[in-house]
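Working notes for the structure below.
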Amino acid sequence: MNSRLSNASITQLPGAIAIPRYDRGAVTPGIVHLGVGAFHRAHQAAYVDASLADGDTGWGIIGVSLRSPDTRDALSPQDGLYTLAVRESAGEQLQIIGSIVSLLVAPEDPDAVLTALTDPRTRIVTLTITEKAYLRAADGSLDETHPDIVHDLGNPGSPRTAHGFLAEALARRRAAGTPPFTVLCCDNLPANGATLHKLLLEFAKLRDLRLARQGDAGLARQGDAELARHVAGEVAFPSSMVDRIVPATTDADRARIAGELGLQDAWPVVTEPFCQWVIEDRFPTGRPAWERFGVTMVEDVGPFEDMKLRLLNGAHSGIAYLGLLSGHTTVDRAFADPSIRRFVDALWAEAVPTLPEDAGLDTAAYTAELAQRFSNTALAHRTAQIANDGSQKLPQRIVASAIECLEAGT
2 MNSRLSNASI
12 TQLPGAIAIP
22 RYDRGAVTPG
32 IVHLGVGAFH
42 RAHQAAYVDA
52 SLADGDTGWG
62 IIGVSLRSPD
72 TRDALSPQDG
82 LYTLAVRESA
92 GEQLQIIGSI
102 VSLLVAPEDP
112 DAVLTALTDP
122 RTRIVTLTIT
132 EKAYLRAADG
142 SLDETHPDIV
152 HDLGNPGSPR
162 TAHGFLAEAL
172 ARRRAAGTPP
182 FTVLCCDNLP
192 ANGATLHKLL
202 LEFAKLRDLR
212 LARQGDAGLA
222 RQGDAELARH
232 VAGEVAFPSS
242 MVDRIVPATT
252 DADRARIAGE
262 LGLQDAWPVV
272 TEPFCQWVIE
282 DRFPTGRPAW
292 ERFGVTMVED
302 VGPFEDMKLR
312 LLNGAHSGIA
322 YLGLLSGHTT
332 VDRAFADPSI
342 RRFVDALWAE
352 AVPTLPEDAG
362 LDTAAYTAEL
372 AQRFSNTALA
382 HRTAQIANDG
392 SQKLPQRIVA
402 SAIECLEAGT
């Protein structure tokens with residue numbers, strides 16, 4: 002049995018494998034990430050790793066799982082290190098990512114999560130919690146009746162939801178005179194920053210109302226009951242668009258990667274070469290120089306976001322459902338099916354006219370690249386994985402385009 006990947010064993014790796022080019026002991030936390038799953042580790046954490054290697058060592062990541070301890074249990078014995086395996090038909094490149102400095106499990110220790118969020122060194126909070134974790138009602142507003150929202154409003158010091166953690170941390174920072182962190186949503190939601198801002202503002206108003214009803218004793222704990230005003234006027238919620246295909250890691254992936262490393266990695270991440278991040282540039286308390294590593298910093302993410310949701314994610318969902326019905330277990334096999342390929346081409350033909358013409362988007366090049374990405378036989382991206390939580394995904398991926406086409410009479 003090979004030994005485990007860790008700070009101590011990393012020097013045993015073959016020379017062809019990229020390892021962190023910085024002193025991990027000098028890294029301090031500057032980002033708290035909620036939802037430390039595979040996508041985050043293949044995307045945001047990789048960009049932060051590049052920033053750390055560039056000498057900007059104040060942006061280490063504290064990863065927080067809002068539900069399961071699995072990621073913590075896998076990576077903590079490895080000092081937060083893991084393998085990023087970039088796969089394409091021509092082969093595989095392995096890189097060890099070192100940007101995650103610690104991992105927390107919110108249900109086990111909400112106080113530790115709140116301590117990280119209220120630390121003055123924390124200047125950015127990023128989120129990849131999936132669409133369903135935003136707890137929206139059918140009309141897009143906050144689901145005030147959801148049991149976890151009800152719990153968090155009644156127990157602000159031991160939250161369960163992202164809304165509850167963000168609200169309590171912002172309230173504590175305000176009471177301590179600490180500037181608010183920037184909240185950077187990285188989930189597949191239209192206008193994701195504005196959407197999260199709206200949801201958190203609704204939560205804060207409910208929280209303020211409850212505190213006001215509790216009287217002076219309740220107000221004294223927070224200093225006041227005006228969190229909503231603070232969230233509305235003082236906290237930045239830039240929107241972002243993220244793009245990288247990240248299949249679920251399999252036991253075969255673990256075995257193959259362990260063979261290449263000569264070490265055991267309990268939870269490597271497999272992904273494709275393509276990676277994109279477009280961010281609205283609003284960070285009052287600073288940010289890494291992500292643009293140095295390929296991130297596009299813009300004033301308006303909207304056109305990029307719509308293109309990705311409607312052309313990539315919409316096609317992905319179509320491929321997943323039609324592929325499953327046709328007996329195809331992976332995206333590349335489904336996309337190679339002529340009938341499914343015709344469906345995707347037709348979907349793109351209808352969705353492209355719904356995108357803004359004046360945004361400089363090269364939709365022809367984008368869809369051509371998507372076709373290459375969907376054909377990547379090395380990824381083995383399972384259609385069943387993409388098909389999960391369709392009721393939360395389809396409105397922004399397909400329904401929005403369909404509504405615009407109907408309104409335009411096309």
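All residue numbers for the sequence shown refer to this note's numbering, where the first residue is 2 and numbers rise by one. For every residue, glycine included, the Cβ atom is placed at its ideal position computed from N, Cα and C. Nothing here was measured: the structure is a model prediction, and the numbers come from that model.
Pull the bridge partners of C186 from the DSSP assignment, please. As a first step, residue 186 is located in the sequence shown; it is residue number 185 there, counting from the start. C186 is bridged to L128.
Simplified DSSP assignment, three categories, for D301: Here residue 301 is taken as the residue at index 300 of the sequence shown, counted from 1. Residue state, collapsed to three classes: coil.
Which one or two residues does DSSP pair with T84 in a beta bridge? On the sequence shown, residue 84 is found 83 positions in, with the first residue counted as 1. T84 pairs with I97.
What are the boundary residues of the alpha helix (DSSP H) that Q373 is part of? By one-based count along the sequence shown, residue 373 stands at place 372. Its alpha helix (DSSP H) spans residues 364-375.
Apply the 10 Å Cβ neighbour rule to R214 and answer buried if 16 or more other Cβ atoms are within range, or exposed otherwise. Translated into positions along the sequence shown, residue 214 becomes position 213. The residue in question, R214, is exposed, as its Cβ has fewer than 16 Cβ neighbours within 10 Å.
Alpha-carbon to alpha-carbon, D24 and P396: Along the sequence shown, one-based indexing puts residue 396 at 395. Along the sequence shown, one-based indexing puts residue 24 at 23. One C-alpha to the other measures close to 45 Å.
Could you tell me whether the region 313-333 touches the region 275-292, where touching means 3 or more Cβ pairs closer than 8 Å? no
Who are the near neighbours of V232 in its chain, counting only those whose CB is closer than 7 Å to its CB and skipping five residues on each side? The residue labelled residue 232 in the question sits at position 231 within the sequence shown. Same-chain partners within the cutoff: L171, L201, L202, A205.
How long is the line joining the alpha carbons of F40 and Y48, rounded to whole angstroms? In the sequence shown, counting from the first residue as 1, residue 40 sits at position 39. In the sequence shown, counting from the first residue as 1, residue 48 sits at position 47. Looking at the two C-alpha atoms, the distance is approximately 12 Å.
Boundaries (first-last residue) of the beta strand (DSSP E) holding S66: Within the sequence shown, the letter at position 65 stands for residue 66. Run containing S66: 61-66, per the beta strand (DSSP E) assignment.
Are L185 and I125 closer than 7 Å when you measure CB to CB? One-based indexing of the sequence shown puts residue 185 at position 184. One-based indexing of the sequence shown puts residue 125 at position 124. Against a cut-off of 7 Å, the Cβ pair of I125 and L185 comes out as a contact.
Between R245 and H44, is the Cβ-Cβ spacing less than 7 Å? As a working note, residue 245 is residue 244 in the sequence shown. As a working note, residue 44 is residue 43 in the sequence shown. It is a contact, given that the beta carbons lie within the stated cut-off.
Within this structure, are the beta carbons of L362 and M308 separated by less than 7 Å? Locating residue 362 in the sequence shown gives position 361, counting from the first residue. Locating residue 308 in the sequence shown gives position 307, counting from the first residue. Contact flag set, yes.
Rounded to a whole number of angstroms, what is the C-alpha to C-alpha distance between T364 and N377? In the sequence shown, counting from the first residue as 1, residue 364 sits at position 363. In the sequence shown, counting from the first residue as 1, residue 377 sits at position 376. Approximately 20 Å, taken between the alpha carbons.
Distance, Cα to Cα, S10 vs S4? Taking the first residue of the sequence shown as 1, we reach residue 10 at position 9. Taking the first residue of the sequence shown as 1, we reach residue 4 at position 3. Going by the C-alpha atoms only, they are around 8 Å apart.
Can you tell me which of the three DSSP states T250 falls into? Walking along the sequence shown from the start, residue 250 turns up at place 249. In the structure shown, T250 sits in coil (DSSP, three-state: anything other than H, G, I, E or B).
Using a Cβ-Cβ cutoff of less than 7 Å, which residues in the same chain neighbour Q393 once the five nearest sequence positions on both sides are dropped? Numbered from its first residue, the sequence shown carries residue 393 at position 392. The answer, listed in chain order, is E132, K133.
Where do the ends of the alpha helix (DSSP H) carrying I387 lie? What you label residue 387 is simply residue 386 of the sequence shown in a count that begins at 1. Unbroken alpha helix (DSSP H) run through I387: 384-388.
Extent of the continuous beta strand (DSSP E) to which Q265 belongs: On the sequence shown, residue 265 is found 264 positions in, with the first residue counted as 1. Taken as a continuous stretch (DSSP letters only), Q265 belongs to no beta strand (DSSP E), as it is neither H nor E.
What are the boundary residues of the beta strand (DSSP E) that includes W349? As a first step, residue 349 is located in the sequence shown; it is residue number 348 there, counting from the start. Counting along the chain, W349 falls outside any beta strand (DSSP E), though it belongs to the alpha helix (DSSP H) covering 339-352.
Suppose you measure from the CA of D144 to the CA of T179; what does that come to, to the nearest Å? In the sequence shown, the residue the question calls residue 144 occupies position 143. In the sequence shown, the residue the question calls residue 179 occupies position 178. When rounded, the distance between both Cα atoms is 30 Å.
Nearest-angstrom Cβ-Cβ length linking G319 and L356, presumed shorter than 8 Å: Numbered from 1 along the sequence shown, position 318 holds the residue referred to as residue 319. Numbered from 1 along the sequence shown, position 355 holds the residue referred to as residue 356. Not really, about 17 Å apart at Cβ, beyond 8 Å.
Distance check for E408 and D359, CA to CA, integer angstroms please. Within the sequence shown, residue 359 is the residue found at index 358, counting from 1. Within the sequence shown, residue 408 is the residue found at index 407, counting from 1. Their Cα atoms are separated by approximately 20 Å.
Between F375, N314, F166, G81, which has its C-alpha nearest R342's C-alpha? Looking up residue 342 in the sequence shown gives position 341. The shortest C-alpha separation from R342 is found at F375.
C-alpha gap between A316 and F336, whole angstroms: In the sequence shown, counting from the first residue as 1, residue 316 sits at position 315. In the sequence shown, counting from the first residue as 1, residue 336 sits at position 335. The alpha-carbon atoms of A316 and F336 are separated by roughly 10 Å.
Run through DSSP, which three-state label would S412 get? The structure shown does not extend to residue 412, since the chain is modelled only from 2 through 411, so no value can be given for it.
Excluding the 5 residues flanking Y322 on each side, which residues of the same chain have their C-beta closer than 7 Å to its C-beta? Along the sequence shown, read from residue 1 onward, the residue named residue 322 stands at position 321. Excluding sequence neighbours, Y322 sits near A388.
Pairwise C-alpha distance: L264 and G92: Position 91 of the sequence shown, counting from 1, holds the residue named residue 92. Position 263 of the sequence shown, counting from 1, holds the residue named residue 264. Roughly 20 Å separates the two Cα atoms.
Cβ-Cβ separation, R283 to P239 (assumed contact under 8 Å), whole Å: Numbered from 1 along the sequence shown, position 238 holds the residue referred to as residue 239. Numbered from 1 along the sequence shown, position 282 holds the residue referred to as residue 283. That belief holds up - the Cβ atoms of P239 and R283 are roughly 4 Å apart, short of 8 Å.
Beta carbon of C187 nearer than 7 Å to that of T123: Taking the sequence shown and counting its residues from 1, the one referred to as residue 187 is at position 186. Taking the sequence shown and counting its residues from 1, the one referred to as residue 123 is at position 122. No.
Are P181 and E235 close, meaning C-beta to C-beta below 7 Å? In the sequence shown, counting from the first residue as 1, residue 181 sits at position 180. In the sequence shown, counting from the first residue as 1, residue 235 sits at position 234. Yes; because the gap between Cβ atoms is below 7 Å, this pair is in contact.
For the alpha helix (DSSP H) containing H164, name the first residue and the last one. Position 163 of the sequence shown, counted from the first residue, corresponds to residue 164. H164 -> alpha helix (DSSP H) spans 163-177.
Taking A117 and V33 to be in contact with their CB atoms under 8 Å, please state how far apart those CB atoms are, rounded to whole angstroms. Working through the sequence shown from its first residue, we reach residue 117 at position 116. Working through the sequence shown from its first residue, we reach residue 33 at position 32. Right, the Cβ-Cβ distance comes to about 5 Å (below 8 Å), so this counts as a contact.
Whose C-beta lies closer than 6 Å to the C-beta of P157 among residues of the same chain, with five residues either side of it excluded? In the sequence shown, the residue the question calls residue 157 occupies position 156. Once the five neighbours on either side are set aside, the close Cβ partners of P157 are E169.
3-residue-minimum beta strand (DSSP E) runs that sit fully inside the region 113-159, ordered along the chain: 125-128
Buried or exposed: where does D252 fall if 16 or more other Cβ atoms within 10 Å of its Cβ makes it buried? Taking the first residue of the sequence shown as 1, we reach residue 252 at position 251. With fewer than 16 other Cβ atoms within 10 Å, it is exposed.
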